[in-house]
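Count the sequence shown with our numbering and you get residues 12 to 289, in order.
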Amino acid sequence: MVATNTPVNDLVAIHTKQAAYRTFVVAVRVARGSVPQILLWDTPDPYHYVRLQSGPDFDVLMVGGEDHKTGQEDDGERRFARLEEWTRRHFPQAGRIEYRWSGQVMEPVDGLALIGRNPLDRDNVYVATGDSGNGMTHGTIAGILLTDLIAGRENPWTSLYDPSRKTLGSLKEFAQENLNVAAQYADLVTPGEVDAVGRIAPGDGAIIRRGLSKVAVYRDEEGNIHERSAICPHLGCVVQWNSTEKTWDCPCHGSRFGIDGHVANGPAIGELQEAKAE
Ligand SMILES: Cc1cc2nc3c(=O)[nH]c(=O)nc-3n(C[C@H](O)[C@H](O)[C@H](O)COP(=O)(O)OP(=O)(O)OC[C@H]3O[C@@H](n4cnc5c(N)ncnc54)[C@H](O)[C@@H]3O)c2cc1C
Ligand code: FES
Numbered sequence: 012m013v014a015t016n017t018p019v020n021d022l023v024a025i026h027t028k029q030a031a032y033r034t035f036v037v038a039v040r041v042a043r044g045s046v047p048q049i050l051l052w053d054t055p056d057p058y059h060y061v062r063l064q065s066g067p068d069f070d071v072l073m074v075g076g077e078d079h080k081t082g083q084e085d086d087g088e089r090r091f092a093r094l095e096e097w098t099r100r101h102f103p104q105a106g107r108i109e110y111r112w113s114g115q116v117m118e119p120v121d122g123l124a125l126i127g128r129n130p131l132d133r134d135n136v137y138v139a140t141g142d143s144g145n146g147m148t149h150g151t152i153a154g155i156l157l158t159d160l161i162a163g164r165e166n167p168w169t170s171l172y173d174p175s176r177k178t179l180g181s182l183k184e185f186a187q188e189n190l191n192v193a194a195q196y197a198d199l200v201t202p203g204e205v206d207a208v209g210r211i212a213p214g215d216g217a218i219i220r221r222g223l224s225k226v227a228v229y230r231d232e233e234g235n236i237h238e239r240s241a242i243c244p245h246l247g248c249v250v251q252w253n254s255t256e257k258t259w260d261c262p263c264h265g266s267r268f269g270i271d272g273h274v275a276n277g278p279a280i281g282e283l284q285e286a287k288a289e
């Protein structure tokens with residue numbers, strides 16, 4: 012049973028059925044009891060959602076949203092600012108920001124989790140993924156459904172969550188998401204974002220072209236240069252700089268890597284290779 016959020020055992024099949032998104036959260040201080048204990052979300056795309064955590068001295072209102080496809084934007088500060096503006100507009104009692112962070116959610120093309128036998132695999136390999144931000148509910152469903160499947164018991168949800176299902180209603184989304192992934196491979200032949208390492212400011216990262224390949228270059232605050240190959244070891248897309256998290260993020264299926272190349276997020280299981288010398 013592979014429950015690694017995005018399956019690390021699968022090269023292609025599952026990754027054509029879901030896409031990785033970065034999501035952003037600000038947590039602001041509010042006076043105790045000034046916001047009722049309710050769960051809220053709105054319906055634009057991307058949407059906003061609101062949660063409340065009670066504390067001994069004050070409550071913390073968490074507001075999330077402003078999602079974008081992983082590795083396809085690098086404007087986290089603007090997204091945090093928009094979340095804060097939205098929060099203060101709807102909750103005038105909002106005090107100072109206590110925390111802010113971003114995370115990754117897997118969005119299946121038809122909105123329902125993928126729980127069951129792994130497509131195109133042996134009979135005894137199961138996955139639970141595609142939570143679309145509803146991992147608490149889907150996690151419980153996965154526990155019940157996968158137990159039944161492994162024990163050979165019938166479960167009425169089997170076909171609903173079957174990772175091999177074809178949902179006619181979502182064919183358009185399926186095609187759009189996969190065209191979007193295919194378009195990312197064009198980066199293999201484009202020039203680098205900067206033409207020389209010297210143009211990268213301290214604390215920043217950029218992709219440069221070196222011969223036939225591309226290199227992910229990060230200059231740390233002390234001016235030291237950290238280089239890795241920019242080619243994602245999962246299926247070969249070119250990673251992009253994420254200045255909010257200081258990671259290299261893959262625009263194809265959401266793998267993420269540290270500045271030293273280590274895997275922070277699957278489906279890749281191998282690190283970014285060492286960069287070839289000039
Ligand atoms: C900001 C944010 C807010 C959210 N809010 C909500 C919410 O309000 N309600 C809700 O229901 N859901 C919410 N979600 C979604 C929910 O958190 C996830 O769907 C859920 O945590 C996914 O559970 P998981 O067990 O599939 O994956 P994870 O919790 O990510 O666990 C995967 C595990 O696999 C391990 N792993 C990964 N790769 C490997 C490997 N190669 N080898 C070995 N182990 C590996 C990881 O270390 C990790 O422990 C939110 C998500 C985010 C990012
Ligand atoms: S995550 Fe699939 S190519 Fe990078």
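Think of the CB as a built atom: it goes at the ideal place given N, C-alpha and C, for glycine as much as any other residue.
This one's a predicted model, so the numbers in the text were calculated from it and none came from an experiment.
**Asked** In whole angstroms, what separates the C-alpha of Ile-49 from that of Arg-33?
**Response** 24 Å
**Cβ contact (3+ pairs, closer than 8 Å) linking the region 155–174 and the region 226–237** = Not touching, per the Cβ criterion.
**Prompt:** Are the region 19–26 and the region 130–144 touching, with three or more C-beta to C-beta distances below 8 Å?
**Reply:** Contact between the region 19–26 and the region 130–144 is established, with three or more Cβ pairs separated by less than 8 Å.
**Prompt:** Looking at C-alpha atoms only, which residue of Pro-55, Ala-153, Pro-57, Leu-51 is the closest neighbour of Leu-63?
**Reply:** Leu-51
**Message:** I want to check one thing, is the minimum distance from the CB of Arg-62 to the heavy atoms of ligand 1 below 7 Å?
**Reply:** yes
**Request:** Report yes if the C-beta distance between Glu-240 and Leu-283 is below 8 Å; otherwise report no.
**Result:** According to the sequence provided, residue 240 is Ser. The question's Glu does not apply to it. Taking 8 Å as the Cβ cut-off, Ser-240 and Leu-283 qualify as a contacting pair.
**Asked** Any idea what DSSP makes of Gln-115, helix, strand or coil?
**Response** strand
**Prompt:** Are there 16 or more other CB atoms within 10 angstroms of the CB of Thr-81, so buried, or fewer, so exposed?
**Reply:** Result: buried.
**Message:** Let me check understanding here. Comparing Cα to Cα, which of Thr-27, Val-37, Ala-197, Ser-65 lies closest to Pro-119?
**Reply:** Closest in alpha carbon position to Pro-119, among Thr-27, Val-37, Ala-197, Ser-65, is Thr-27.
**Asked** Skipping 5 residues on each side, what residues in its chain have a beta carbon closer than 6 Å to that of Ala-194?
**Response** Cβ within range, chain order: n/a, list empty.
**Message:** Going by beta-carbon coordinates alone, are Ala-30 and Gln-104 separated by less than 8 Å?
**Reply:** no
**Request:** Could you tell me which residues DSSP puts in a beta bridge with Arg-267?
**Result:** Asp-260, Asn-276
**Request:** Could you tell me whether any non-hydrogen atom of ligand 2 is closer than 7 Å to the CB of Gly-269?
**Result:** no
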